[in-house]
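Residue numbers (our numbering), protein chains in the order written: chain V, 634 to 1229; chain X, 4 to 378. The beta carbon of each residue, even a glycine, is placed where N, CA and C say it ideally should be. Treat the numbers as computed from the prediction; the structure is a model and nothing was measured.
Spelled out as structure tokens, the structure:
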């Protein structure tokens, strides 16, 4: 197929604005699948994705519309995967920007639109769900047009659910999105925009061929990482796998690599041929680094090998997941895991529990810190316990938070952001009613409960997105918790110096409630270095006996004792003190702000 | 196999069921007392091999054994073998001079009197029939009949009971000078009528009452009593003319000896087998009237379980356990830890064998300490 008969595009939208439904209609309309064999939301293949209504892994489907080859490239739908989204968009020339007619522009609409504009994509603006009773297509169309600098009459109005207007969307894609413009005769280059792992075939790369062509059995190289392999199979999805033997300039498809390790093939890297290598890779490759870290410990320490195997398996499909063994004196053997963001963390945790049936204790998340101890080089710290006592400088990651709210909530959002050490950046009216605000915030301030607070304070109206914008210096201190004089590594936290006292106090109070009374007084202290900033005492029990014990009740008493014994086994022994596992989550609930 | 040397007989009848009680009891049923005693004797006759020919202790518990129709009670006592210690539980209001003498005549040499409290309003909360004077009268009747081994049951932690009221209860008891005292904390079992009525008040008082156990122990030991089991006290030998006044029958439970229990809901443990008779009065009487054993729930005790029970019960006593006997069920690493915390004492006996026992504080925290100590 010559390039002028090819259109590569994505659908981008805020969560629940109808992306998957539109994709389904497109597949139906182009007869890629019949209605009968149509599986609801076909592109979302993992069970979890469907349940959460989001798409984790991108795929690409080829269909034909009035003689033109359309490649629909699916994008992940959440902030944590911004880099993956941007790579998917780089594989396209255009994007359908979908907005819910009742909800209008939302934070991810903006984020996605900006990403598309950065990638020089032609945007096809579409207002969806016009069949809803509360739909306001005119306002939504105006907002959308303003956002991308277009006119409202250029905005399509459809209902993906009923199918109304979907043909026009395809026509607009063919008419408005430019054809690919690579050089078919140049040394081959293809952008890897996604990958997955097949247990029999190894790593499968999803690629967009930019220049030249690729064929089966050709020796290939990933230019950034230098990984070499032979293309075992080439083809495309329509929507099931079709082997084609060749992928030409402008086309989208898959390459089966036979590689057994996903980390050897990174999204954003460029594939080229070993026989006729390109001199320059395609632009935009980044080594994505995890920003949010958390300790994962099996509730039952016997499950450690199962947890290790499960992480290995997950990592095969998720190159962004980072993990290394961690030993906590309080929680035993586990793993310190790094995630792109909060949703990524949540997804990994759920998959571990659901697909691998593991019972996990997940410590409160923290961010990565860059620290410079005296007379030493800068290094990164992934857990509060590793924070050196003496520091010349310390830096923490910052985000640019983007919040859209009805105007009456501007005050509460500002208040929340100020409480969280936010620095105001920008405010604009999207319409008479709705305001878009941006703030710079330390990532550490949002990892715990920011999103929940934002939602509850704005009665669910706020939409939120963020971008990591880099490391900035911070006045940070490590607060340690001592239980009966013993420091408990898993409870240390890093906080801003100004809130150290308050956070230390509320953590100590919380722990006093969580730690059961023991056979002796237990002091719970929060300290910065050797300076104690808060203290509570769990008073010793004065009595712990069963009143009577005669012939008739020995069995019952024995069972009570065994239960008491079992209860003790579930506790973690910190020095002489038995600490229930729940106490390690106390840090999640500081200041009475309950998480979910 | 030698039979058990300890025999328990359950007499379930009561004039009234007290709100806090969770024993197998039957209110009234005077027309069934005879039949029940026949059934008891019938069960005894069915198990000749399970009981030693010369049992060491007999214990008639209830219920209110002394509420049983006098004729039926006498028939039972007459038919039982003589033992070195024969105890009958009695409620003060049932103890007349005549009853005291009947008991004495039939070989009963120890009476356990359900005193519970000397405060009228607390007795009312407990739904007890007796008044403080009834208690005193019963005590003197027993003394007059020649009983020189009388035990009082006292309850503390009664809803509304202040620390000073507990002290007066102890003082009044000490004034009478019983040979033995059993002091129990009131247990409000979930779902009982009592908990329904008094649960909230008990929860409010919970913290204040935490010190009551300590108070009981201090008071009674200060008065010279030996705190020989968590909830039991007796006059020491030197004040009892060389007699060992510990409840020998109960001591048999605590030392892991075999015992045979007869009657509704009664439990026996013999040679690693424990069984509990049906708690249903009608079913029990009917089975034995037909010459059959009553329905029983059986539990097999492995040697390890028996050892665990020995530790659980043994640590409640004031005599140390020999470590070597229980090494397989003890967490030996917990020993030094508990010792450091002042909860446990490690020592050795005359032969130089290592022993463990609990300190006074360890005994007050005995539940948790035992859970720590068992492997």
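Please tell me whether residue i has its Cβ less than 8 Å away from any Cβ of chain X.
i	result
residue 1204/V	no
residue 977/V	no
residue 1180/V	yes
residue 1191/V	yes
residue 1264/V	This structure cannot speak to residue 1264/V, because chain V is shown only from 634 to 1229.
residue 1197/V	yes
residue 1209/V	yes
For the alpha helix (DSSP H) that contains residue i, what are its first and last residues?
i	result
residue 1146/V	1133-1147
residue 119/X	Note, residue 119/X: premise wrong, no alpha helix (DSSP H); beta strand (DSSP E) at 113-119.
residue 340/X	337-343
residue 962/V	Unbroken run through residue 962/V: none, as it is neither H nor E.
residue 662/V	652-662
residue 886/V	Taken as a continuous stretch (DSSP letters only), residue 886/V belongs to no alpha helix (DSSP H), being part of the beta strand (DSSP E) at 885-889.
residue 1051/V	1043-1052
residue 1083/V	1083-1090
residue 64/X	No alpha helix (DSSP H) holds residue 64/X; the beta strand (DSSP E) holding it covers 60-65.
residue 100/X	100-108
residue 208/X	196-212
For residue i, report the span of its beta strand (DSSP E) as first-last.
i	result
residue 1158/V	1155-1161
Between residue i and the rest of its own chain, which residues show a CB-CB distance below 8 Å, the 5 nearest in sequence each way excluded?
i	result
residue 268/X	13, 15, 26, 27, 279, 280, 281 and 282
residue 371/X	none
residue 651/V	731, 733, 761, 762, 793 and 794
residue 176/X	118, 121, 155, 157 and 184
residue 1154/V	1170, 1171, 1172 and 1173
Spell out whether any CB of chain V is found under 8 Å from the CB atom of residue i.
i	result
residue 311/X	yes
residue 302/X	yes
residue 253/X	yes
residue 233/X	yes
residue 367/X	yes
residue 57/X	no
residue 319/X	yes
residue 270/X	yes
residue 344/X	yes
residue 316/X	yes
residue 228/X	no
Return yes when the Cβ of residue j is within less than 8 Å of the Cβ of residue i, no when it is not.
i	j	result
residue 1202/V	residue 312/X	no
residue 858/V	residue 843/V	no
residue 923/V	residue 973/V	yes
residue 1070/V	residue 1046/V	yes
residue 880/V	residue 846/V	yes
residue 918/V	residue 901/V	yes
residue 1147/V	residue 1169/V	no
residue 345/X	residue 364/X	yes
residue 114/X	residue 93/X	yes
residue 722/V	residue 754/V	yes
residue 839/V	residue 727/V	no
residue 1151/V	residue 1112/V	no
residue 914/V	residue 903/V	yes
residue 1145/V	residue 1157/V	yes
residue 315/X	residue 275/X	no
residue 232/X	residue 319/X	yes
So, for residue i: in the same chain, excluding its five sequence neighbours on each side, which residues have a beta-carbon less than 6 Å away from its beta-carbon?
i	result
residue 1218/V	none
residue 703/V	640 and 696
residue 82/X	44
residue 1235/V	As displayed, chain V neither begins before 634 nor continues past 1229, which places residue 1235/V out of reach and without an answer.
Please return the same chain residues whose Cβ sits closer than 7 Å to the Cβ of residue i, not counting the five positions on each side in sequence.
i	result
residue 42/X	287, 288, 291 and 292
residue 78/X	40
residue 1023/V	1006 and 1007
Query raised in the report: Of all the residues that make up the stretch 188-221 of chain X, which are near chain V by a beta-carbon distance shorter than 7 Å?
Result: Within the stretch 188-221 of chain X, the residues whose Cβ lies closer than 7 Å to some Cβ of chain V are 188, 190, 213, 214, 216 and 217, listed in chain order.
**Report entry** Residues from the stretch 1157-1184 of chain V in contact with chain X, defined by Cβ distance under 7 Å
**Finding:** 1174, 1175, 1176, 1177, 1178, 1179, 1180, 1181, 1182, 1183 and 1184
Query raised in the report: Going along the stretch 347-376 of chain X in order, which residues come within less than 9 Å of chain V, judged by CB to CB distance?
Result: 364, 365, 366, 367, 368, 369, 370, 371, 372, 373, 374 and 375
Report task. Using a Cβ-Cβ cut-off of less than 7 Å, list which residues of the stretch 1134-1157 of chain V approach chain X; keep chain order. Result -> 1152 and 1153
Query raised in the report: Any residues in the stretch 242-266 of chain X with a beta carbon nearer than 7 Å to a beta carbon of chain V? Which ones, in chain order?
Result: 253, 256, 262 and 264
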